[in-house]
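Engineer: Please read through the structure below; I'll follow up with questions.
In my numbering, the protein residues as written are 8 to 192.
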């Protein structure tokens, strides 16, 4: 007779759902606070052209079995092109990555990428694309002022692994600092 493990798995819907919901909320707040203002782009340019989908294969440590890995897992996230031919994304998207690709909005071709810097404290990461032609004639987002409470904003990204770009309209209800640490344990 096989003994059943009564401990809750990290991949159970309840734990994974809450974790994923927190990660998505943090990404959306990050995008709101740093990028999405009506003055970022001129009328001729479109914010969508600076948004990319990040594809990642990761291999995280198995905390229930020391010195073991969980095995490769695929995932995705959102990023945005910024100056100096870099892409800004969240640290939790590229954490424990073994393979990384990005895809421009409106295109099907994926381009190999690599992580340049990670800040787990702020949950931000910078990545660069190996193909030098990737950024040719591509617009980039610049850091703007923080939005004010009650200001209307648009949030761009690929939440929940969707293939289509999601654009969500909302109003900033408040801006405050929240201590935050992301972890898969």
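Glycine included, every Cβ here is placed at the ideal spot set by N, Cα and C.
Given that a residue counts as buried once 16 or more other Cβ atoms are within 10 Å of its Cβ, and exposed if not, what is residue 124?
Structural biologist: The residue in question, residue 124, is exposed, as its Cβ has fewer than 16 Cβ neighbours within 10 Å.
Engineer: Nearest CA to the CA of residue 144: which residue from 91, 73, 71 and 76?
Structural biologist: Out of 91, 73, 71 and 76, 91 has the C-alpha closest to the C-alpha of residue 144.
Engineer: Should residue 75 be labelled buried (16 or more other beta-carbon atoms within 10 Å of its own) or exposed?
Structural biologist: Exposed: under 16 other Cβ atoms inside 10 Å.
Engineer: Leaving aside the five residues before and after residue 64 along the sequence, list all residues of the same chain whose C-beta is less than 6 Å from its C-beta, in chain order.
Structural biologist: Around residue 64: 79, 81, 105 and 106.
Engineer: DSSP has residue 80 in a bridge; who is on the other side?
Structural biologist: In the DSSP output, where bridge partners are listed per residue, residue 80 has 65.
Engineer: Leaving out five residues before and five after residue 159 in sequence, what residues of the same chain have Cβ atoms less than 6 Å from its Cβ?
Structural biologist: Contacts found: 178.
Engineer: Return the Cβ separation of residue 102 and residue 165 in integer angstroms, given the expectation that the two are a contact with Cβ distance under 8 Å.
Structural biologist: Actually they do not touch by this definition, with Cβ atoms about 17 Å apart.
Engineer: Would you list the residues sitting across from residue 133 in a DSSP beta bridge?
Structural biologist: Answer by DSSP bridge pairing, in chain order: 95 and 124.
Engineer: Can you tell me whether DSSP reads residue 56 as helix, strand or coil?
Structural biologist: Residue state, collapsed to three classes: helix.
Engineer: Report the rounded CA-to-CA distance for residue 241 versus residue 72, giving the unit in angstroms.
Structural biologist: Examination of residue 241 is not possible in this model, given that the chain is present from 8 through 192 alone.
Engineer: Work out the CA separation of residue 66 and residue 40 for me, nearest whole Å.
Structural biologist: Bear in mind that the predicted position of residue 40 carries a pLDDT of just 47, short of 50, making it too unreliable to give a figure here.
Engineer: Should residue 60 go down as buried or exposed, given a rule of 16 or more other Cβ atoms within 10 Å for buried?
Structural biologist: Classification of residue 60: buried, given that the 10 Å Cβ count is 16 or more.
Engineer: Within 10 Å of its beta-carbon, does residue 163 have 16 or more other beta-carbons around it, so buried, or fewer, so exposed?
Structural biologist: Buried is the call here.
Engineer: If I measure Cβ to Cβ from residue 172 and keep anything under 7 Å in the same chain, skipping five residues before and after, which residues do I get?
Structural biologist: Counting only Cβ-Cβ distances below 7 Å, and skipping sequence neighbours, we find 55, 58, 112, 163 and 165.
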